[in-house]
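Student:
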Amino acid sequence: MSHLRAALLRLTAATLLSFGPVCAAEASAPAAPPAAAAPTSANPTAAGASAPVSTSAKRDLSRYKEERVPGGTFMLAAYMVMWALVAGFVGRTLLRQAKVEAELTDLSERVDVLTGHDGDAT
Amino acid sequence: MTVARITWLLLKKDLRIAARSREMLGFTLLFAVLCVIVFAFGFLQEGAATAGYVPGVLWVTLLFSSSVSLLRLFAPEEEGGTLDLVSSTAAGTLPLFISKATMQLLFTGLVTVVVLPLVLLFFNTELKGFGQTAAALGLGLVGMATVGTLCSALLVHVRLREVLLPLVLYPTVAPLLISGVKVTSIALAEGEGTGDWLTLMLIFDLLFVVASPWLHGRALQR
Amino acid sequence: MTTPTISPTTSPESPELAAAPRAPVAMATRVPVRTPAALLVLLGVSLALIEVALWWIAARTPSDIVLGLSQKIFYFHVGSAFAMLLCLTSASFLSLADLLRPDDRADALAQSLLEVGVIFALCILTSGPLWARKAWGMYWTWEPRLTLTLLVTLLAVSVIALRAMSADSGTGRRVGAAMAVMGAPASYLIHVAVKWWGGTHPQVIQGGGIQNADMRIAFWLAVFGLLTFAAALTATRYRDLRLKQRGRAIRLNLSAHQLRQRRA
Amino acid sequence: MGRDPAPATVVKPAAATGAQAAAAVLVATGVAWAAGERFVLLDLELSVRAGELLLISGHNGAGKTSLLSILRGAIAPARGQVTLAGVPLEDVAADYLANHIATLQHRPGLYFDLTGLENLALLSSLVNQPLTVTEASALLDRVGLPREAHQRRVRHYSRGMQQRTGLARVMASGAAVWLLDEPSTGLDPAGRETLSRVLRDAAAAGTAVLAISHDPELLALADRHLELRDGRLHEAA
């Protein structure tokens, strides 16, 4: 089980580490109008050539100038919640599995006592 | 032949019981009327209920009242302990399913006949595109009755089924509900292009009508 | 990993019971009591893919002109959606198989797939609105794909709750399986909802695909990473459920043993 | 009476291996059933012969009702099997089973919003033994249901009257095996008298009658009396 736990920790750490600088960059950048959003610091080369996701064309851009939704923070929040959900599920699974395994050990001991087998009879 | 004969026997019995316990039908109708009134209150804007809500109110009222009657659909069998007797006939569980689905269809049909004019009246709307609306309602009711009967039958022996029934029923009939609302709003606005939606409803109906009795038989086998 | 070893010889199954024509519950075949190596490999591969994908998204993919960083949720959002649809539809099919021919393995697998599917559905239902706040200006719209996803998630949750409530009764199992089967059309509809109902959901994959090479790489890395991760989670849950079935069978056998001792 | 309530020849006995085996209609071998993770019935053996009145007793929770459910094929045993005339129950079609095994459980198996007569007419046609009104009426007379009650709804019957009508339904089914769970519940002394007479007559006509009961009146009448203890059946003292 320790493999799983370690892997999960690593994953979470990696998420935070990889997004940390990106978000810091956005947070510190002056609130520029989004239409002119600068390429992020982590990504100087590709941004110029990049095409935005196809849906952006139709959008009314004026609203974003006023609203300034902190997209980066939202993205980070989304990733955090997603990993928290998965981690919660995995944690619960591990707990349940540990319980089932303990129960099985206990049961096999009881069975051994009843049937007169040695514990390690294979 | 056996299927038809036994189905008729069971249906006749259900009709007789329904006629003797008319309260059930009466209360369901009252509930449906109450639903419409509450919706009218809820959607009151500047002293008038807005016509744009008519399709939604109509379909949701039908869905709610059909859940109410679905919860009572197998009550006669449960009360007297006859479920085993009527589900092991020479034609299997099919007659039971058909008779119950027919009962549910008749029931919701009656509710619709009362609710539709009432909604139009309360929301100050004229009935336009009657043919399309009727077709959508017909298809929607058939689908809702078959899936509903299946849900009701599945949950007969399940605790907390009052809560579980909507949880199964609503996602399953969601396609019918969404297209029904679409068709009704297009028809009321005398718009074009209900054909695709009606076809979609027909496809789902066919799927439900074929799959529901089969699943019913599989899930309730010994 | 520390796991108990239960050898077949320690089973209290007496010969005449073993020869009985019907197995009681879940006696069927071998249960993997040791965590299989394949599972660990699967887990390692998925985590590696996910980490590479994360790095790629953070370092290589461009930022959207309008959406800024919030667009970067897209990769894992769509990956989770793939995983959810795959999990829930296969759960429906396995439930159908279990209805046709009861099989403890199909049942356990369907259960684990449902649970993992719900987890990914919850991921979508949080990442989606957070993206939509920036893109559509609101957290939630009654858009067909969103609505259907929510409905199907509720259905899956109620199936899981029903199973938890009805313990190991045959009725609960059959009813739950039938409910899972009934969710299949709705799951399929989520896939085609945007096309049919003309929702506002972006159609990146169906409509045109991704132009930017880095974005495409990040996207497929995330998708395969999440799919393998879902498989690993499912396998873990499945193993757990199988162990549980095994434990139940052993406890039943113990009770048979005790009953016989009392008679003697 | 229009016809015999329990024709004995409906179930063909399996290939005879002896006088006893030939008469055994319903046989349970090695039956086990578990509630949760505990066995309630285990290694249970039982054979019910045509024409006998068999009584089963046992303390509460001993598994009597579960045994009845297994015998009528409503639930599959965890282990072992039950055969009807030599055929395992899981291979018998549901309607064949319904035609050949009639049960009376805690709930009488009647529609509460139908009259006694209507109930008999409907439920007997479902098992291919349709009764005429006269026949149904005669049956209800036989179980001692007052004439004026025939046309009333079962909902307005007393518990004992419902039990009598349920018994009439079992008689009308023409089944070769009767499985009755506490048949004397709610019956007055006259009703018990009637019940004893009906069961004795049915057994005499070749029906295999198995009843769960602690009623001394029935005990005195029974051909065999078994006690369910520790998951098995024992000859009662």
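Residue numbers (my numbering), protein chains in the order written: chain A, 4 to 125; chain B, 614 to 835; chain C, 19 to 282; chain D, 7 to 243.
Beta carbons are placed, not taken as given, at the ideal position from N, Cα and C, and that holds for glycine.
It should be emphasised that the depicted structure is a prediction, and the values quoted were computed from it without experimental measurement.
1. When the cut-off is 7 Å and only beta carbons count, does B:Ser-765 lie next to chain D?
2. With a threshold of 8 Å on Cβ separation, who are the neighbours of A:Ser-59 within its own chain once the five nearest residues in sequence on each side are excluded?
3. Would you call B:Asn-737 buried or exposed, if buried means 16 or more other Cβ atoms sit within 10 Å of its Cβ?
4. Assuming B:Phe-687 contacts B:Ala-632 (C-beta within less than 8 Å), just tell me the rounded distance between them.
5. Determine the burial state of C:Met-156: buried for a count of at least 16 other Cβ atoms within 10 Å of its Cβ, exposed for fewer.
6. Verify whether the separation of the beta carbon atoms of C:Thr-144 and A:Val-84 is less than 7 Å.
7. I'd like to know if the region 103-115 of chain D and the region 695-715 of chain B are in contact, where contact means that at least 3 CB-CB pairs between them fall below 8 Å.
8. Could you check if B:Lys-713 is buried or exposed, using at least 16 other CB atoms within 10 Å of its CB as the buried criterion?
9. With 7 Å as the threshold, decide whether the Cβ of C:Ala-274 is near any Cβ in chain D.
10. Apart from the five residues just before and just after B:Leu-622, which ones in its own chain have a Cβ nearer than 8 Å to its Cβ?
11. When the Cα of C:Ile-142 is compared with those of C:Leu-272, C:Trp-158, C:Ser-64, C:Ala-128, which residue comes out closest?
12. Determine the direct distance from the alpha carbon of B:Val-760 to that of B:Leu-819, and round the result to whole angstroms.
13. Could you tell me if D:Leu-225 is buried or exposed, where buried requires 16 or more neighbouring beta carbons within 10 angstroms of its beta carbon?
14. Applying the criterion that 16 or more other CB atoms from any shown protein chain within 10 Å of the CB defines a buried residue, is D:Glu-58 buried or exposed?
15. Would a check of beta-carbon distances place C:Met-19 closer than 7 Å to chain D?
16. Take B:Ser-792 as the anchor and find which of B:Leu-750, B:Leu-780, B:His-829, B:Ser-825 has the nearest alpha-carbon.
17. Reducing DSSP to helix, strand and coil, say where D:Glu-141 ends up.
18. Out of curiosity, what's the CA-to-CA distance linking C:Val-193 and C:Thr-171?
19. Who are the near neighbours of A:Leu-110 in its chain, counting only those whose CB is closer than 7 Å to its CB and skipping five residues on each side?
20. Any beta carbon from chain B within less than 7 Å of D:Arg-123's own beta carbon?
21. Excluding the 5 residues preceding and the 5 following D:Ala-155 in the sequence, name in chain order all residues of the same chain whose CB lies nearer than 7 Å to its CB.
22. Let's see if you can read the secondary structure: which residues bound the beta strand (DSSP E) around D:Gln-87?
23. Is the Cβ-Cβ distance between B:Ser-721 and B:Ser-679 less than 7 Å?
24. So, are the CB atoms of B:Lys-626 and D:Leu-239 less than 7 Å apart?
25. Count the C-beta pairs between the region 644-655 of chain B and the region 125-141 of chain D that are closer than 8 Å, then say yes if the count reaches three, no if not.
26. Is the number of C-beta pairs between the region 94-107 of chain D and the region 80-99 of chain A that are closer than 8 Å three or more?
27. Going by the DSSP bridge assignment, what does D:Pro-94 pair with across the sheet?
28. How big is the Cα-Cα spacing for B:Ser-634 and C:Tyr-256?
29. Is B:Thr-785 buried or exposed, if buried means 16 or more other CB atoms sit within 10 Å of its CB?
30. How is the beta strand (DSSP E) around D:Ala-99 delimited, first residue to last?
31. Using the Cα positions of D:Ala-27 and D:Glu-51, report the straight-line distance between them to the nearest angstrom.
32. Do B:Trp-810 and B:Gly-796 have their beta-carbon atoms positioned less than 7 Å apart in this structure?
33. Counting only C-beta atoms, is D:Arg-85 closer than 7 Å to chain B at any point?
34. Around the C-beta of C:Val-241, are 16 or more other C-beta atoms found within 10 angstroms, so that it is buried, or is it exposed?
35. Among residues of its own chain, excluding the 5 on either side of A:Asn-46, which ones have a beta-carbon nearer than 6 Å to its beta-carbon?
36. Using the three-state DSSP reduction, which class does B:Leu-686 fall into: helix, strand or coil?
Tutor: The relevant details are as follows:
1. For the purposes of this step, residue 765 of chain B is identified with residue 152 of the second sequence, where counting begins at 1. Not an interface residue.
2. For the purposes of this step, residue 59 of chain A is identified with residue 56 of the first sequence, where counting begins at 1. Low local confidence applies: a pLDDT of 43 at A:Ser-59 is under 50, so the model's placement there is unreliable, and no value is given.
3. Locating residue 737 of chain B in the second sequence gives position 124, counting from the first residue. B:Asn-737 should be labelled exposed.
4. Locating residue 687 of chain B in the second sequence gives position 74, counting from the first residue. Locating residue 632 of chain B in the second sequence gives position 19, counting from the first residue. So it is not a contact: roughly 18 Å between Cβ atoms.
5. Mapped onto the third sequence, residue 156 of chain C falls at position 138. Label assigned to C:Met-156: exposed.
6. The count along the third sequence starts at 1 and reaches residue 144 of chain C at position 126. The count along the first sequence starts at 1 and reaches residue 84 of chain A at position 81. Going by C-beta atoms, C:Thr-144 is nearer than 7 Å to A:Val-84.
7. yes
8. Taking the second sequence and counting its residues from 1, one reaches residue 713 of chain B at position 100. So B:Lys-713 ends up on the buried side.
9. Counting from one through the third sequence, the residue named residue 274 of chain C turns up at place 256. Cβ-Cβ to chain D under 7 Å: yes for C:Ala-274.
10. Residue 622 of chain B sits at position 9 when you count from the first residue of the second sequence. Here the set comprises Pro-708.
11. Indexing the third sequence from 1 puts residue 142 of chain C at position 124. Just measuring C-alpha positions, the residue of C:Leu-272, C:Trp-158, C:Ser-64, C:Ala-128 sitting nearest C:Ile-142 is C:Trp-158.
12. On the second sequence, residue 819 of chain B is found 206 positions in, with the first residue counted as 1. On the second sequence, residue 760 of chain B is found 147 positions in, with the first residue counted as 1. Taking the Cα positions, B:Leu-819 is about 11 Å away from B:Val-760.
13. Here the question's residue 225 of chain D lines up with position 219 in the fourth sequence. Exposed is the call here.
14. By one-based count along the fourth sequence, residue 58 of chain D stands at place 52. So D:Glu-58 ends up on the buried side.
15. Walking along the third sequence from the start, residue 19 of chain C turns up at place 1. Residue placement at C:Met-19 is poorly supported in this model, since its pLDDT is 37, which falls under 50; the coordinates still yield a value, given next. Output row for C:Met-19: interface = no.
16. Along the second sequence, one-based indexing puts residue 792 of chain B at 179. For B:Ser-792, the nearest C-alpha among the options comes from B:Leu-750.
17. Locating residue 141 of chain D in the fourth sequence gives position 135, counting from the first residue. Of the three classes helix, strand and coil, the one that applies to D:Glu-141 here is helix, per DSSP.
18. As a first step, residue 193 of chain C is located in the third sequence; it is residue number 175 there, counting from the start. As a first step, residue 171 of chain C is located in the third sequence; it is residue number 153 there, counting from the start. Their backbone Cα atoms lie some 17 Å apart in a straight line.
19. Residue numbering aside, residue 110 of chain A sits at position 107 when the first sequence is read from its first letter. Excluding sequence neighbours, A:Leu-110 sits near nothing in its chain.
20. The residue given as residue 123 of chain D occupies position 117 in the fourth sequence. According to the sequence provided, residue 123 of chain D is Leu. The question's Arg does not apply to it. No, because no Cβ of chain B sits closer than 7 Å to the Cβ of D:Leu-123.
21. Here the question's residue 155 of chain D lines up with position 149 in the fourth sequence. Take D:Ala-155, set aside five residues on each side of it, and the residues of its chain with a beta-carbon closer than 7 Å to its own are Gly-122, Tyr-163, Met-167, in chain order.
22. Taking the first residue of the fourth sequence as position 1, residue 87 of chain D is located at position 81. Start and end: 85-90.
23. Residue numbering aside, residue 721 of chain B sits at position 108 when the second sequence is read from its first letter. Residue numbering aside, residue 679 of chain B sits at position 66 when the second sequence is read from its first letter. Reading off the sequence, residue 721 of chain B comes out as Thr, not Ser. Contact flag set, yes.
24. On the second sequence, residue 626 of chain B is found 13 positions in, with the first residue counted as 1. On the fourth sequence, residue 239 of chain D is found 233 positions in, with the first residue counted as 1. It is not a contact, given that the beta carbons lie outside the stated cut-off.
25. Look at the beta carbons and you see the region 644-655 of chain B not touching the region 125-141 of chain D: under three pairs across the two are nearer than 8 Å.
26. no
27. Position 88 of the fourth sequence holds residue 94 of chain D. In DSSP, D:Pro-94 forms a bridge with D:Thr-89.
28. Here residue 634 of chain B corresponds to residue number 21 of the second sequence, with the count starting at 1. Here residue 256 of chain C corresponds to residue number 238 of the third sequence, with the count starting at 1. B:Ser-634 and C:Tyr-256: Cα-Cα distance of roughly 49 Å.
29. As a position in the second sequence, residue 785 of chain B is number 172, starting the count at 1. Counting Cβ neighbours within 10 Å, B:Thr-785 comes out buried, since at least 16 surround it.
30. Looking up residue 99 of chain D in the fourth sequence gives position 93. Note, D:Ala-99: premise wrong, no beta strand (DSSP E); not H, not E.
31. On the fourth sequence, residue 27 of chain D is found 21 positions in, with the first residue counted as 1. On the fourth sequence, residue 51 of chain D is found 45 positions in, with the first residue counted as 1. Caution applies to D:Ala-27, whose pLDDT of 44 falls short of 50 and renders its modelled position unreliable; the value that the coordinates give is listed next. About 14 Å.
32. For the purposes of this step, residue 796 of chain B is taken as the residue at position 183 of the second sequence. For the purposes of this step, residue 810 of chain B is taken as the residue at position 197 of the second sequence. Rather than Gly, the amino acid found at residue 796 of chain B in this sequence is Val. Contact flag set, yes.
33. Along the fourth sequence, one-based indexing puts residue 85 of chain D at 79. Put simply, the CB of D:Arg-85 is far from chain B, with every gap to its CB atoms at 7 Å or more.
34. In the third sequence, counting from the first residue as 1, residue 241 of chain C sits at position 223. The residue is buried, with at least 16 neighbouring Cβ atoms inside 10 Å.
35. By one-based count along the first sequence, residue 46 of chain A stands at place 43. With a pLDDT of 36 at A:Asn-46, under the threshold of 50, the predicted position of this residue should be treated as unreliable, and no value is reported.
36. As a position in the second sequence, residue 686 of chain B is number 73, starting the count at 1. Three-state result, B:Leu-686: coil.
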